[in-house]
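This report refers to the structure that appears directly beneath it.
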Amino acid sequence: MTVETKTRFVTALVVAPFVVLCFVSYKSLIGLVAAVVLLASYELLNLASQEKEKGFVKYAVAICVGFVVVYGITGAQNGLLLLSLAFVLTNVLAVLTQKNVETVWPMVVATSVSLVYVAGCLSFFFPIYLEFGAANALLNLTAVWLYDTGAYFVGMKWGRIKISKKFSPNKSLEGMIGGFLSTLAFSFLYKIVFGFVFKANVMPFTSLVIFSAVITVLDTFGDVFESALKRYFKVKDSGSVLPGHGGMLDRIDGLLFVTPVTYFLLSIGVL
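Residues in the sequence shown are numbered from 57 upward in steps of one, following the working numbering.
Given below as structure tokens:
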């Protein structure tokens, strides 16, 4: 086991129990999502902004976090309206605070992407929790964790067929298969423990197969998307807040793609 792998394992061992406990109550979930959005949106905006624009970053981050908190407190109602209001506010500030016309468009793009991509996508945990139960919300998170873990170890050991040499050369078809099988096995075990033993509302076994396949595709391309952003900004990691994992954005890139689709599929009865 490499030093990096050991560091990743220790970080996960410390952070994971705290994160899981946040799903015990809806209020603690709001706090968790707000904290993650705070860190991830800061990382993204910090990468996108030049040194002279750093002062604006704190305002944009505050609006992203504010959107998440208000959205969560209001019971996940009027999400599109709140997101639109936050979009207007962030971009008005982006225009007003820029002294150089050349920086206006890059900052408008950066703030809009941060608001929708980070705050908007992650906030879908709220309607999943409220409409489909804490168990399904927690499964959405932990299944992604297991996919990442399975894909990482299988890809590192047997990965040969690369799926994105340009943006994420370490991603392989073998890793995707390993991640899928890991997610499927974990999801079935989760169903048995929480669904049958604790009588929690967990999606049926047939849906778990679809769910695992959805994670396999979306988590992978969520990672590729974030890797493309990092290559554009010429950085290896989005930050360093999680030793062995990089930044918060590095850790949740797949989750940002998976979560809104999970809610959509639950809503239409596919899962």
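Virtual Cβ for every residue (Gly too), placed ideally from N, Cα, C.
Discussion item. Only counting the same chain, and skipping five residues up and downstream in sequence, which positions put a Cβ closer than 7 Å to that of Leu229?
Written reply: Here residue 229 is taken as the residue at index 173 of the sequence shown, counted from 1. Contacts found: Ile217 and Ile219.
Worksheet item: Roughly how many angstroms separate the alpha carbons of Val92 and Gly300, rounded to a whole number?
Response: Taking the first residue of the sequence shown as 1, we reach residue 92 at position 36. Taking the first residue of the sequence shown as 1, we reach residue 300 at position 244. Straight-line measurement puts the Cα of Gly300 at about 17 Å from the Cα of Val92.
Item to complete: Determine the direct distance from the alpha carbon of Gln133 to that of Ser268, and round the result to whole angstroms.
Response: Taking the sequence shown and counting its residues from 1, one reaches residue 268 at position 212. Taking the sequence shown and counting its residues from 1, one reaches residue 133 at position 77. Here the alpha carbon of Ser268 sits roughly 28 Å from the alpha carbon of Gln133.
Worksheet item: In the stretch 205–246, which residue ranges form an unbroken alpha helix (DSSP H) of at least 4 residues, counting only runs that do not cross its ends?
Response: Complete alpha helix (DSSP H) runs here, min 4: 229–246.
Practice prompt. Drop a sphere of 10 angstroms on the beta-carbon of Val314, count the other beta-carbons inside from all chains shown, and report buried for 16 or more, exposed for fewer.
Written response: For this step, residue 314 is matched to residue 258 along the sequence shown. When all chains shown are included, Val314 counts as buried.
Worksheet entry | Secondary structure of Leu327, DSSP reduced to three states | Taking the sequence shown and counting its residues from 1, one reaches residue 327 at position 271. It is coil, neither helix nor strand.
Worksheet item: Quick one, are the C-beta atoms of Met259 and Leu322 less than 9 Å apart?
Response: Numbered from 1 along the sequence shown, position 203 holds the residue referred to as residue 259. Numbered from 1 along the sequence shown, position 266 holds the residue referred to as residue 322. Contact: yes.
Item to complete: Using three-state DSSP, classify Gly131 as helix, strand or coil.
Response: Taking the sequence shown and counting its residues from 1, one reaches residue 131 at position 75. Three-state DSSP puts Gly131 in coil, outside helix and strand.
Discussion item. Could you compute how far the alpha carbon of Val265 sits from the alpha carbon of Thr198?
Written reply: Within the sequence shown, numbered from 1, the residue matching residue 265 stands at position 209. Within the sequence shown, numbered from 1, the residue matching residue 198 stands at position 142. If I take the Cα positions, the gap works out to 15 Å.
Practice prompt. For Tyr288, count neighbouring C-beta atoms within 10 Å of its own C-beta (all shown protein chains included) and say buried if the count is 16 or more, exposed if not.
Written response: Working through the sequence shown from its first residue, we reach residue 288 at position 232. The residue in question, Tyr288, is exposed, as its Cβ has fewer than 16 Cβ neighbours within 10 Å.
Fill in: Beta-carbon spacing of Leu171, Ala116 below 9 Å
Locating residue 171 in the sequence shown gives position 115, counting from the first residue. Locating residue 116 in the sequence shown gives position 60, counting from the first residue. It is a contact, given that the beta carbons lie within the stated cut-off.
Worksheet item: Any idea what DSSP makes of Gly302, helix, strand or coil?
Response: Position 246 of the sequence shown, counted from the first residue, corresponds to residue 302. Here Gly302 sits in strand by DSSP.
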